[in-house]
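Undergrad: Sequential numbering from 1 applies to the sequence shown in the UniProt record's numbering.
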Amino acid sequence: MTDENVNDDQQEQSERKREDVRDRTREDRAMGGDPEGRLSGLDDALESQTYPITTDELVEAYGDYEIEAQSGTKSLEEVLAPTDNQTYDSADDVRSRVLGLIHR
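1) Could you tell me the alpha carbon to alpha carbon distance between G41 and L58, rounded to whole angstroms?
2) Verify whether the separation of the beta carbon atoms of E68 and R97 is less than 7 Å.
3) Could you give the DSSP three-state label for T73: helix, strand or coil?
4) Please report the distance separating the alpha-carbon of E47 from that of D93.
5) Please classify A81 as buried or exposed, where buried requires at least 16 other C-beta atoms within 10 Å of its C-beta.
6) Roughly how many angstroms separate the alpha carbons of D89 and T55, rounded to a whole number?
7) Note the first and the last residue of the continuous alpha helix (DSSP H) segment covering R81.
8) I believe E77 touches G63 by the beta-carbon criterion, under 8 Å. Please report the beta-carbon distance rounded to the nearest angstrom.
9) In the DSSP assignment, the alpha helix (DSSP H) including T55 goes from what residue to what residue?
10) Since I believe T83 is in contact with P52 (beta carbons under 8 Å), could you give me their beta-carbon distance rounded to a whole number of angstroms?
11) Determine the closest residue to A91 out of Q70, T50, S75, A61, with distance taken between C-alpha atoms.
Written as structure tokens, this is what we have:
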């Protein structure tokens, strides 16, 4: 790989990280809890979960849970599919991320 390709890859990774931080900041401001009950049974499961937990671990444990998205019902696995493997520190952290993704 040439130096130019390495620099391009590093720039792309940096930009993805910045976008993710911006998205998560917007989601945190916009969402507080699950006021519309879109997470249904998943919300209770998240409260009893031990943290931290990664996206991959969430999908493995709860991927079949159904969530009411703007475009209809989706599984947690479908909702989290476009995201990178991240670490979540609390149920609120997961809830904010999921609710932000289904409101896009």
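The beta carbon of each residue, even a glycine, is placed where N, CA and C say it ideally should be.
TA: For this structure:
1) Working through the sequence shown from its first residue, we reach residue 41 at position 41. Working through the sequence shown from its first residue, we reach residue 58 at position 58. In this model, G41 and L58 are separated by some 14 Å (Cα to Cα).
2) Numbered from its first residue, the sequence shown carries residue 68 at position 68. Numbered from its first residue, the sequence shown carries residue 97 at position 97. For E68 and R97, no; Cβs fall outside 7 Å.
3) Here the question's residue 73 lines up with position 73 in the sequence shown. Three-state result, T73: strand.
4) Locating residue 47 in the sequence shown gives position 47, where the first residue counts as 1. Locating residue 93 in the sequence shown gives position 93, where the first residue counts as 1. Distance from the CA of E47 to the CA of D93, rounded to the nearest whole angstrom, comes to 11 Å.
5) As a first step, residue 81 must be located in the sequence shown, where it is residue number 81. So A81 ends up on the exposed side.
6) Residue 89 sits at position 89 when you count from the first residue of the sequence shown. Residue 55 sits at position 55 when you count from the first residue of the sequence shown. About 11 Å.
7) Your numbering for residue 81 matches position 81 in the sequence shown. The sequence given here places Ala at residue 81; Arg does not occur at that position. Per DSSP, A81 belongs to no alpha helix (DSSP H) and is neither H nor E.
8) Position 77 of the sequence shown, counting from 1, holds the residue named residue 77. Position 63 of the sequence shown, counting from 1, holds the residue named residue 63. Rounded to the nearest angstrom, the Cβ distance from E77 to G63 is 4 Å, consistent with a contact under 8 Å.
9) What you label residue 55 is simply residue 55 of the sequence shown in a count that begins at 1. For T55, the enclosing alpha helix (DSSP H) has its first and last residue at 55–62.
10) In the sequence shown, residue 52 corresponds to position 52, counting from 1. In the sequence shown, residue 83 corresponds to position 83, counting from 1. Contact doesn't hold; Cβ gap of about 16 Å is too wide.
11) Locating residue 91 in the sequence shown gives position 91, counting from the first residue. Answer by Cα proximity: T50.
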